[in-house]
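K.L.:
The listed protein sequences correspond, in order, to chains A and B.
Residue numbers for the first sequence follow this note's numbering, so the first one is 24 and each next one is one higher.
Residue numbers for the second sequence follow this note's numbering, so the first one is 53 and each next one is one higher.
Idealized CB from N, CA, C, for every residue including glycine.
Computed from a prediction, not measured in an experiment: that's the story for all the values here.
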Amino acid sequence: MNKTIWTNATRSTEHAQETDLVSLPHDVLRRRLMLGAMSAGIGTLFPWEEAFAQVVDKSTLAIAYPVDMPTWDPCAVSIPTLQCVYQTVFDSPLRYSPNLKLQPRQVKEWKWLDNKATRLEITLRDDILFHDGSRMTMEDVKYSLADRPKADKKLLIGGMLSTLADVEVQSATKGVLVYSRPNPAAPIYLGFLAVYIVPKAYMSQVGVDGFIAKPIGAGPYRMVEHQRGSRIVLEAFDKYWGGAPAIKQVIFEIVPEPSARVALVESGRAGLAVQLPLREVQRLAGKTGITTKIYPYSEVYMLRIPSYVKPFDNEHVRAALHLSIDKAALSKAFYGGVAKPLSVMATEGTPSYVPDFKFPFDKAKAVAELKAAGYSTANPVAITFLSTNGTFPSDFDMARAIVQMWKAVGINATIEETTPAKLTEAAQSGKLTGILLQSWANATGDPENYVGKIFDPRLRFAAWKDMALAPRIDALTTEVDEAKRMAGWKALNVESSEKSWAIPLMQAVTTAAYASMLQPVLFDNGYVLPADYKYK
Amino acid sequence: MFQLTLAIITRRLMAAIPTLVLLSLVVFVVLRLLPVDPLATLLPPSATAADSAALRAQLGFDKPIPMQFVIWIWEAVRGNLGNSINFHQPVTTLILAALPATVELAGVGLLMALLISIPGGVLAYVLYQRKREAVADVAVTLLQSVPSFLWALLLIIVFGVLWPVLPFSGRVGQEVTLPAITGLALIDLLLAGRLHDWLSALSHLFLPALSLALSFAPMVIRVLRSGLIDAANEPYVEVARLRGLSETRILWRHMLKNAVLPTITMIGVQFGFLFSGALLVEMIFGFPGVGNLMVQAVKANDMPLIQGIALLFCLLMLTINAIVDVTYVLLNPRLRSP
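#1: Around the Cβ of Ser354 (chain A), are there at least 16 other Cβ atoms within 10 angstroms (buried) or fewer (exposed)?
#2: Which residues of chain B have a Cβ atom closer than 9 angstroms to the Cβ of Arg292 (chain A), listed in chain order?
#3: Give the C-beta separation of Met252 (chain B) and Val228 (chain B) to the nearest angstrom, bearing in mind that I take them to be a contact with Cβ-Cβ under 8 angstroms.
#4: Take the Cβ of Val174 (chain B) as the centre, count every other Cβ of all protein chains shown within 10 Å, and call the residue buried at 16 or more, exposed below.
#5: Note down, in chain order, each residue of its chain lying with its Cβ closer than 6 angstroms to the Cβ of Glu132 (chain A), except the 5 sequence neighbours on either side.
#6: Helix, strand or coil: how does DSSP classify Lys333 (chain A) here?
#7: What residues from the region 110-136 of chain A come within 8 angstroms of chain B, judged by C-beta to C-beta, listed N to C?
#8: Output the boundary residues of the beta strand (DSSP E) element that contains Phe17 (chain A).
#9: Mind checking which residues open and close the alpha helix (DSSP H) that includes Leu147 (chain B)?
#10: Would the region 112-124 of chain A and the region 297-311 of chain A be scored as touching if the rule is three or more Cβ pairs under 8 angstroms?
#11: Could you check if Lys350 (chain A) is buried or exposed, using at least 16 other CB atoms within 10 Å of its CB as the buried criterion?
#12: Is the separation between the beta-carbon of Met335 (chain B) and that of Glu280 (chain A) shorter than 8 angstroms?
#13: Around the C-beta of Val122 (chain B), are 16 or more other C-beta atoms found within 10 angstroms, so that it is buried, or is it exposed?
#14: Less than 8 angstroms between the C-beta atoms of Glu156 (chain B) and Ala237 (chain B), yes or no?
#15: When you check each C-beta in the region 165-182 of chain A against every C-beta of chain B, which residues fall closer than 7 angstroms?
#16: Are any of the Cβ atoms in chain B nearer than 8 angstroms to that of Arg495 (chain A)?
#17: With a threshold of 16 other CB atoms inside 10 Å of the CB of Pro118 (chain B), please say whether the residue is buried or exposed.
#18: What residues in the region 470-483 of chain A bring their beta carbon closer than 9 angstroms to a beta carbon of chain B?
#19: Note down, in chain order, every chain A residue with its Cβ under 8 angstroms from the Cβ of Ser104 (chain B).
#20: Out of B:Pro142, B:Ile69, B:Val178, which has the shortest C-alpha to C-alpha gap to Leu357 (chain B)?
#21: Quick check on Thr30 (chain A): does DSSP put it in helix, strand or coil?
#22: Would the region 103-113 of chain A and the region 215-234 of chain A be scored as touching if the rule is three or more Cβ pairs under 8 angstroms?
#23: Give me the chain B residues within the contact set of Glu248 (chain A), using Cβ-Cβ distance strictly less than 8 angstroms, ordered along the chain.
#24: Taking Arg245 (chain A) as the reference, which of A:Ala369, A:Lys333, A:Ala283, A:Val108 has the closest Cα?
#25: Which of the three DSSP states, helix, strand or coil, is assigned to Glu41 (chain A)?
#26: How about Val347 (chain B): is its C-beta nearer than 8 angstroms to some C-beta of chain A?
#27: Sort B:Phe201, B:Asn310, B:Leu91, B:Trp126 by Cα distance to Leu266 (chain B) and report the nearest one.
#28: Any Cβ of chain A within less than 8 angstroms of the Cβ of Met335 (chain B)?
#29: Against Ser282 (chain A), what residues of chain B qualify as contacts under a CB-to-CB distance less than 7 angstroms, listed in chain order?
#30: Under a Cβ-count criterion, where at least 16 other Cβ atoms within 10 Å of its own Cβ denotes burial, should Gly433 (chain A) be classed as buried or exposed?
#31: Alpha carbon to alpha carbon, what distance is there between Gln226 (chain B) and Ala85 (chain A)?
#32: Name the two residues that bound the continuous alpha helix (DSSP H) containing Tyr380 (chain B).
#33: Taking all protein chains shown into account, do 16 or more other C-beta atoms lie within 10 angstroms of the C-beta of Phe540 (chain A), making it buried, or fewer, making it exposed?
#34: Counting pairs of beta carbons, one from the region 365-375 of chain B and one from the region 68-78 of chain B, are three or more of them closer than 8 angstroms?
#35: Residues of chain B with a CB under 7 angstroms from the CB of Ser253 (chain A): which are they?
#36: Can you grab the Cα-Cα spacing for the pair Leu331 (chain B) / Val342 (chain B), in whole Å?
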């Protein structure tokens, strides 16, 4: 590459130099020659291969990723966007398949020992090695799932497994998870947030700080380097129980700015970039060598309603709010029509989705409902609308569009820009001032993590605080008959939508652009798991 | 001279203590009065209000704000800025790990800004009251109106995508591991004798530093040009002309030395601009510095880390002001007399 550059440069100035050289004084000529030689020397040293990094190296994959890992203790945080890196380094007891079916992973079998769903027997694979070569046993499981959260209340794993009382170790690969109350959905948490198995011996030896500095997992890749805020380098673990991954090295380039992620994949410096602006993905789709995807996943965009704020206690106003939103138009305007409009708090294909139930878009009916509440376009109802700006794609734009839809029927909404942290604070202190636009992540697709959490009035971020729902939710979370459990959640889904305790808008969409030579597996929960990727 | 320098530094240090305490207090109180939940990312979706209260007590957020401040300042004096809520690590460790990258970025950014602005300022002066003065004015105004993050995006598009000659992500190439000596990549790699890796670090630093430099340079150009215009009317210039010195010699040897004094003051005052510009530039380029750390801290409402970084910025500004004072004394003989 550098040879070409020098040849061109030489050729373009050849004539001029020939004439100049004769007339130049000797010392000037010598100085120029020395400078030229120095430049050439420096030029050969310059890392051109990095600058022109478009050549695809099939043993490496660089992923332009928007968030960094705050900690390498995988049990300490439950942020959904971090889980794919944790799963890559630590693996997980169970895992959701690309179409959200719970599948064996480190735990190869699981079954309830009683009919109350309080004793879950699990069988661990016998060929799992940690990255230091030590074998994973049930002692590690007990340490990670029960002992650590008991000792340190700040660990998020404790919150995810709040009803887990103990882990009874029966053998190196067999044990029983004992729950303090019936918990039929317990297995889903073995493939969800913060539930990872760490090596007891290593962690006890080096302590938590030592572990965070040099983490050891049992996943398909081991962490070899982490430059905070910049890069995570992972190397394939050749003794992984599932076999070494096809791509030997994976580099997560931490790039929070979406335009820079686009540039990285467009220039070929990243083989995959995720969570890109929709318009940019549509533009990249026309580029040779780049494949793009815009696809819905298991997150739900919704409007949550604080029951304690007037006029949201009025069922007619809530109905009007819901009826006047054209969800299909919003999807088309902001998500290229890919985001599927929803009538319930569950995405298509998940167990509590209700395909027969459709909440209509009906402006005339919305006007009638408002009239019943004493409002009209001449006498509009005033509400506050809380929206984040940039927390998920087009959030603020969608809020503005909804405001216009409401205005047409007699609802005057004032948008107040906010942040997730402010919303959490306001919800917890019962000081939400208005209806709020939110995106709800649920990598399991299970209704317990949709309606079960959204309408539980006891949770700190609850908006619809109807205490009468608490026993109903408790009954469903402890229901051991799976058919009854799902029927109950579906009924709650439909009722909550009909009565507009919250307003489901549409299934969230995510985006990816990647080198056409790459064959990524796209998961319905949006996870990026490079162990499943390979090059053509 | 040494005594005077020492006196300036001592005076500055003494003045710095109340400034630091006051700033710490303001940042501390403001952060706690904001209606945000610092525990938002620390609790699982199933957490109840009681869980939240327990964690709040564990982290000391349940105590009255004055008491929290007294505890914090007492620990800070002993070098303990607390633990980051988000990163689960001591704030001091996180800041010390990120600081060298930002110092290097700002330093190289400043150097580039000077390389652009000193010839630029002289050129702007040379064109003063000439036909092309308007062109120079427009060019400087145009440069000044583009913020550093926009320069960053433009440079990425030009040198990263359209003409992909420079890397624009990270501090060094993927294959380079930085030796831990001073934390400054350019110096450490040079000390280790790894020239190829040094160039990798330099190439990674080039676009972020240039982004900062391009938005910083116009201010210097304007001040330098004004300084030169003022200097042109000074008697010593007339004397030099009468002595038969060439205009070029008068400009570079005599006028520039005097015109540069207000420029240095301005650079000192505006150096904080480079650090604040680094916030977004580091984020765009995935550069692992304090700016990047600050953005992550703000996103996570990581109060101890935000406080720590604010304190660091204050310290940096005070240090820079002290350096400017000393430089001023070194360059201006009139200030050396008692």
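P.N.:
In short, the structure shows the following:
#1: Your numbering for residue 354 (chain A) matches position 331 in the first sequence. A buried status is given to Ser354 (chain A), since no fewer than 16 other beta-carbon atoms sit within 10 Å of its beta-carbon.
#2: Taking the first residue of the first sequence as 1, we reach residue 292 (chain A) at position 269. Simply Gly212, Pro216, Pro219, Phe220, Ser221.
#3: Position 200 of the second sequence holds residue 252 (chain B). Position 176 of the second sequence holds residue 228 (chain B). Checking the sequence, you will find Ser at residue 252 (chain B) rather than Met. Ser252 (chain B) to Val228 (chain B), Cβ: 5 angstroms. Contact.
#4: Within the second sequence, the letter at position 122 stands for residue 174 (chain B). It is buried - the Cβ of Val174 (chain B) has at least 16 other Cβ atoms within 10 Å.
#5: Here residue 132 (chain A) is taken as the residue at index 109 of the first sequence, counted from 1. Counting only Cβ-Cβ distances below 6 angstroms, and skipping sequence neighbours, we find Thr146.
#6: Numbered from 1 along the first sequence, position 310 holds the residue referred to as residue 333 (chain A). Three-state DSSP puts Lys333 (chain A) in coil, outside helix and strand.
#7: Per Cβ criterion, the list is empty.
#8: Outside the shown range of chain A (24 to 559) lies residue 17 (chain A), about which nothing can therefore be said.
#9: Numbered from its first residue, the second sequence carries residue 147 (chain B) at position 95. Per the sequence shown, residue 147 (chain B) should be read as Ile rather than Leu. It spans 143-178 - the alpha helix (DSSP H) in which Ile147 (chain B) sits, taken as one unbroken run.
#10: no
#11: The residue labelled residue 350 (chain A) in the question sits at position 327 within the first sequence. Lys350 (chain A) should be labelled buried.
#12: By one-based count along the second sequence, residue 335 (chain B) stands at place 283. By one-based count along the first sequence, residue 280 (chain A) stands at place 257. Yes, these two residues count as a Cβ contact at 8 angstroms.
#13: For the purposes of this step, residue 122 (chain B) is taken as residue 70 along the second sequence, with counting starting at 1. Exposed, because fewer than 16 other Cβ atoms sit within 10 Å of the Cβ of Val122 (chain B).
#14: Within the second sequence, numbered from 1, the residue matching residue 156 (chain B) stands at position 104. Within the second sequence, numbered from 1, the residue matching residue 237 (chain B) stands at position 185. Taking 8 angstroms as the Cβ cut-off, Glu156 (chain B) and Ala237 (chain B) qualify as a contacting pair.
#15: Lys176, Lys177, Leu179, Gly182
#16: As a position in the first sequence, residue 495 (chain A) is number 472, starting the count at 1. Interface with chain B (8 angstroms Cβ-Cβ cutoff): Arg495 (chain A) is excluded.
#17: The residue given as residue 118 (chain B) occupies position 66 in the second sequence. Exposed: under 16 other Cβ atoms inside 10 Å.
#18: So the close ones are Asn472, Lys476, Asp479, Arg481, Leu482, Arg483.
#19: To locate residue 104 (chain B), count along the second sequence from 1; it is residue 52. Going along chain A in sequence order, the residues near Ser104 (chain B) (Cβ under 8 angstroms) are Gln451, Arg483.
#20: What you label residue 357 (chain B) is simply residue 305 of the second sequence in a count that begins at 1. Out of B:Pro142, B:Ile69, B:Val178, B:Pro142 has the C-alpha closest to the C-alpha of Leu357 (chain B).
#21: Within the first sequence, numbered from 1, the residue matching residue 30 (chain A) stands at position 7. Low confidence applies here, because Thr30 (chain A) scores a pLDDT of 36, under 50, leaving its location unreliable and the question unanswered by this model.
#22: yes
#23: Translated into the one-based positions of the first sequence, residue 248 (chain A) becomes position 225. Simply Thr229.
#24: The residue labelled residue 245 (chain A) in the question sits at position 222 within the first sequence. Of A:Ala369, A:Lys333, A:Ala283, A:Val108, the residue nearest in Cα terms is A:Val108.
#25: If you number the first sequence from 1, residue 41 (chain A) lands on position 18. With a pLDDT of 41 at Glu41 (chain A), under the threshold of 50, the modelled position of this residue cannot be trusted, and the question is left open.
#26: Position 295 of the second sequence, counted from the start, is the residue given in the question as residue 347 (chain B). The beta-carbon of Val347 (chain B) is placed less than 8 angstroms from the nearest beta-carbon of chain A.
#27: Residue numbering aside, residue 266 (chain B) sits at position 214 when the second sequence is read from its first letter. When each option's Cα is compared against that of Leu266 (chain B), the closest is B:Phe201.
#28: Position 283 of the second sequence, counted from the first residue, corresponds to residue 335 (chain B). Output row for Met335 (chain B): interface = yes.
#29: For the purposes of this step, residue 282 (chain A) is taken as residue 259 along the first sequence, with counting starting at 1. Per Cβ cutoff of 7 angstroms: Leu205.
#30: Position 410 of the first sequence, counting from 1, holds the residue named residue 433 (chain A). Flag for Gly433 (chain A) reads buried.
#31: On the first sequence, residue 85 (chain A) is found 62 positions in, with the first residue counted as 1. On the second sequence, residue 226 (chain B) is found 174 positions in, with the first residue counted as 1. Taking the straight line joining both Cα atoms gives about 9 angstroms.
#32: In the second sequence, counting from the first residue as 1, residue 380 (chain B) sits at position 328. Note, Tyr380 (chain B): alpha helix (DSSP H), 355-383.
#33: As a first step, residue 540 (chain A) is located in the first sequence; it is residue number 517 there, counting from the start. The sequence as given places Met at residue 540 (chain A); Phe does not occur at that position. So Met540 (chain A) counts as exposed.
#34: yes
#35: Residue numbering aside, residue 253 (chain A) sits at position 230 when the first sequence is read from its first letter. Within 7 angstroms Cβ-Cβ: Gly222, Arg223, Gly338, Phe339, Pro340.
#36: Here residue 331 (chain B) refers to the residue found at position 279 when the second sequence is read from its first residue. Here residue 342 (chain B) refers to the residue found at position 290 when the second sequence is read from its first residue. Taking the straight line joining both Cα atoms gives about 7 angstroms.
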